Amino acid sequence: MTSSKNKKIILRILTHLVLVIFTLIAIYPVLQVVTISLRPSDKLLSTSLEIIPQNATLKSYVSLFTDQPFLLWVRNSALISLTVTLTGVALAAMSGYAFSRFNFIGKKVGLLGLLVTQMFPATMLLLPLYLMLIYLGLINSYLGIIITYSATALPFCIWTMKGYYDTIPISLEEAARIDGCNQFQAFYKVILPLASPALVITGLFSFMTAWSEYIVAAQILQDTQLWTLPLGLKSFEANMSTEWGLYGAASLIVMIPVVALFIILSKWLVSGLTLGSVKG
Amino acid sequence: MNRFYKNIFIFTFVAPAFLVLIGVVFYPFIYNVVISFSNMNLRHIQDWQMVGPVQYVKVFTEPTEPNFYVIFLKTIIWTFVNVFFHVVLGVILALLLNQKIKGKGIYRTLLILPWAIPQYIVALTWRGMFNYEYGSINIVLTKYLHLPAVEWLKNPTEAFLACILTNIWLGFPFMMVVALGALQSIPHELYEAADIDGASWYHKLKNITFPLIKPVMIPAITLGIVWTFNSLNIVWLVSNGGEPSDNTHILVSFVYKAAFNLYRYGYAAALSIVIFVILLIFSLSFMKKTKATEAAY
Chain A
77 MTSSKNKKII LRILTHLVLV IFTLIAIYPV LQVVTISLRP SDKLLSTSLE
127 IIPQNATLKS YVSLFTDQPF LLWVRNSALI SLTVTLTGVA LAAMSGYAFS
177 RFNFIGKKVG LLGLLVTQMF PATMLLLPLY LMLIYLGLIN SYLGIIITYS
227 ATALPFCIWT MKGYYDTIPI SLEEAARIDG CNQFQAFYKV ILPLASPALV
277 ITGLFSFMTA WSEYIVAAQI LQDTQLWTLP LGLKSFEANM STEWGLYGAA
327 SLIVMIPVVA LFIILSKWLV SGLTLGSVKG
Chain B
16 MNRFYKNIFI FTFVAPAFLV LIGVVFYPFI YNVVISFSNM NLRHIQDWQM
66 VGPVQYVKVF TEPTEPNFYV IFLKTIIWTF VNVFFHVVLG VILALLLNQK
116 IKGKGIYRTL LILPWAIPQY IVALTWRGMF NYEYGSINIV LTKYLHLPAV
166 EWLKNPTEAF LACILTNIWL GFPFMMVVAL GALQSIPHEL YEAADIDGAS
216 WYHKLKNITF PLIKPVMIPA ITLGIVWTFN SLNIVWLVSN GGEPSDNTHI
266 LVSFVYKAAF NLYRYGYAAA LSIVIFVILL IFSLSFMKKT KATEAAY
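As you go down the protein sequences, you meet chains A and B in turn. With my numbering, you'll find the first sequence wraps up at 356, consecutive numbering, no jumps. With my numbering, you'll find the second sequence wraps up at 312, consecutive numbering, no jumps.
Rendered as structure tokens:
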């Protein structure tokens, strides 16, 4: 009896040990960013592993807001991300509904086509879009980048919305119709509120696509006045020695809201993801 | 509701998204196919001509340094190693978290962090950690483990390893969360029945847990493979665009460089299509295979 009890305790300790080790590995890079952001400017390159460095200072944070165009980047990123989110959610909420409830010509091809776009390498759409934007004179414009981001986010959003609508029983709409709603009223009074978890997921996904994107922005936004946060942060990293502290401070500020949002919504994120991908 | 009204309804719901998709997905895709048969590059950006499948021939035969086959092989290694560790670590951690233990919520939240952080910040921070003199990884190696320091970012193999390590760190939370969701949906009675029959933990794992999480894991793994095969951010930013001397490229980063650093538009368009076809064939056969096993089970 006691030996099996001992065994259980040992197993429990082992479980915690493994979890603690992996948790440390998971959070270490974040701590590293904290450390960098707190280092005084003469100790940016240091071989010490302390989390809170000696003579820790908030100077990087102050200089980020006073000497650097950080707020401009925040504004640009917010503007672009919010526009992409609104367009993405609105378009996906409507077309996902039609895909879920009706049969029409091109439905199967459309759905399959959306799925296939997920296998495109980044350059497949980026290169032609880039050349098209050059011809249209939309390089270095918000419109150009918003179009490109919508192209990346929309297929996934439509699939997620469709998958979620599929789980809502059609009898609910029929009941609403009997009570005198027309099809459109049944959609936005009954179905849309029920689909709010999926709306949150598609919104979050669209927002994150735009907020955290570097590769596309680097090609389309060359004017420093239009730079988004990723471009700004990368420019800090490029001259590591002088602006490494600014990089740390900016990363932390950019990271905190997204990470908080992500963790709060992560439960829904997974159910949305698996519903969207498992259900055909 | 009459038919006519219904059709208008469908049309207003689908048309906006379809128009947008035709403009930003379908048309660019066709345009990409056209470019792939042309000689478009920096010198021929306005006066380009159709030249037939020349660019495709170049993709497979041009002696670039490194050539297509070497990079393709690297991409397969990259994808396999990453997805393997994502799934193994993810499932192990999910199994550990699926018990009654203290601090479960805290562990879960902190373990999701790598997934939640914007990828470019992950990549740039890890690049800093791989720095030869000041990066914490080498400091741990030399100071605490008394091993020689590693030139992470200057040697081809080590730089590629650095990209893989970063990407493994980044990707295990997704698989963990998916596996955890699947584990929680397994009815408890199954394990109780197995306990009564005196089954060992190994048998429970093999005969209850794995078969029951498989239907959820297979689509997640398919997605994981497609994402990893096509993941540009980590390779591009950790290795700073393929350094040292283009030795860390996988196919997507190689084609990105051809398009935007070398301005070889026709070649890049052709290579994009080759990559897409590889992934399409793979996904179709993978899904067919796993569907077959699912039916058997």
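Don't be surprised by glycine CBs; every beta carbon is placed ideally from N, CA and C. From a predicted model like this one, the values you see are computed outputs, not experimental measurements.
Uninterrupted alpha helix (DSSP H) stretches at least 4 residues long and entirely within the region 114 to 164 of chain A occur at 135 to 142, given in chain order. DSSP places B:M65 within a strand segment (E or B) once states are collapsed to three.
Taking a 10 Å sphere around the C-beta of B:P78, we find fewer than 16 other C-beta atoms and assign the residue as exposed. Boundaries of the alpha helix (DSSP H) harbouring B:K229: F225 to F244, taken from the DSSP string. With a threshold of 16 other beta carbon atoms within 10 Å, A:S226 meets it and is buried.
With fewer than 16 other beta carbons inside 10 angstroms of its own, B:T76 counts as exposed. Considering only beta carbons, the part of the region 223 to 244 of chain B lying closer than 7 Å to chain A consists of V231, P234, L238 and V241, in chain order.
Taking 8 Å as the cut-off, the beta carbon of A:F178 is found no closer than this to the beta carbon of B:I91.
Taken through DSSP and simplified to helix, strand or coil, B:S53 comes out as strand. Interface annotation, B:A283: in contact with chain A, CB-CB separation under 8 Å. A straight-line Cα-Cα distance of about 14 Å links B:N82 and B:I290. A:V165 counts as buried, since no fewer than 16 other beta carbons sit within 10 angstroms of its beta carbon.
Cβ neighbours of A:L107 within its own chain (closer than 8 Å, five residues either side excluded): I127. Going by beta carbons, A:I234 and A:L188 fall outside the 8 Å limit. If you ignore the 5 residues before and after A:A293, its C-beta comes within less than 7 Å of the C-beta of I221, T304, P306 and L307, all in its own chain and listed in chain order. Against chain B, the beta carbon of A:V330 has neighbours under 8 Å at P133 and I136, listed in chain order. DSSP, reduced to helix, strand and coil, places B:N97 within a helical segment of the structure shown. Against chain A, a Cβ distance below 7 Å from B:N47 picks out M200, L203 and P204. For the region 159 to 220 of chain B, the full-length alpha helix (DSSP H) segments reaching 4 residues or more read 171 to 199, 203 to 211 and 216 to 219 along the chain.
Apart from sequence neighbours up to five positions away, the residues of its chain that approach A:S117 with a beta-carbon distance below 7 Å are K135 and G321, ordered along the chain. Scanning chain A for C-beta atoms nearer than 9 Å to the C-beta of B:L88 yields nothing, as the closest lies near 17 Å away. When C-alpha distances from B:G239 are compared across B:V103, B:I107 and B:E204, the shortest belongs to B:V103. Annotation: the continuous alpha helix (DSSP H) that includes A:P204 extends over A198 to L212. Cβ proximity to chain B below 9 Å picks out N258, Q259, F260 and F263 from the region 256 to 275 of chain A.
In this structure, A:S288 and B:Q134 form a Cβ contact; the two beta carbons are roughly 6 Å apart against a cut-off of 8 Å.
B:F187 is classed as buried because its beta carbon has at least 16 other beta carbons within 10 Å across all chains shown. From the beta-carbon of B:F75, no residue of chain A is found nearer than 8 Å; the closest lies around 17 Å away. In this model, A:I215 and B:W251 are separated by some 22 Å (Cα to Cα). By the neighbour-count criterion, in which a residue is buried when 16 or more other Cβ atoms sit within 10 angstroms of its Cβ, B:M232 is buried.
Below the 8 Å Cβ cutoff, chain A contributes P105 and Q108 as neighbours of B:M144, in chain order. Within the region 67 to 94 of chain B, the complete alpha helix (DSSP H) runs of at least 4 residues fall at 69 to 76. Counting only residues of its own chain and dropping the five nearest sequence neighbours on each side, B:H264 has a CB closer than 6 Å to the CB of I86 and G257. Judged by DSSP secondary structure, B:F275 falls within the alpha helix (DSSP H) whose first and last residues are L266 to F275.
Chain-order list of chain A residues neighbouring B:L36: L230, by C-beta distance under 7 Å. Residue environment: A:A336 is assigned as exposed (fewer than 16 neighbouring CB atoms within 10 Å of its CB, all protein chains considered).
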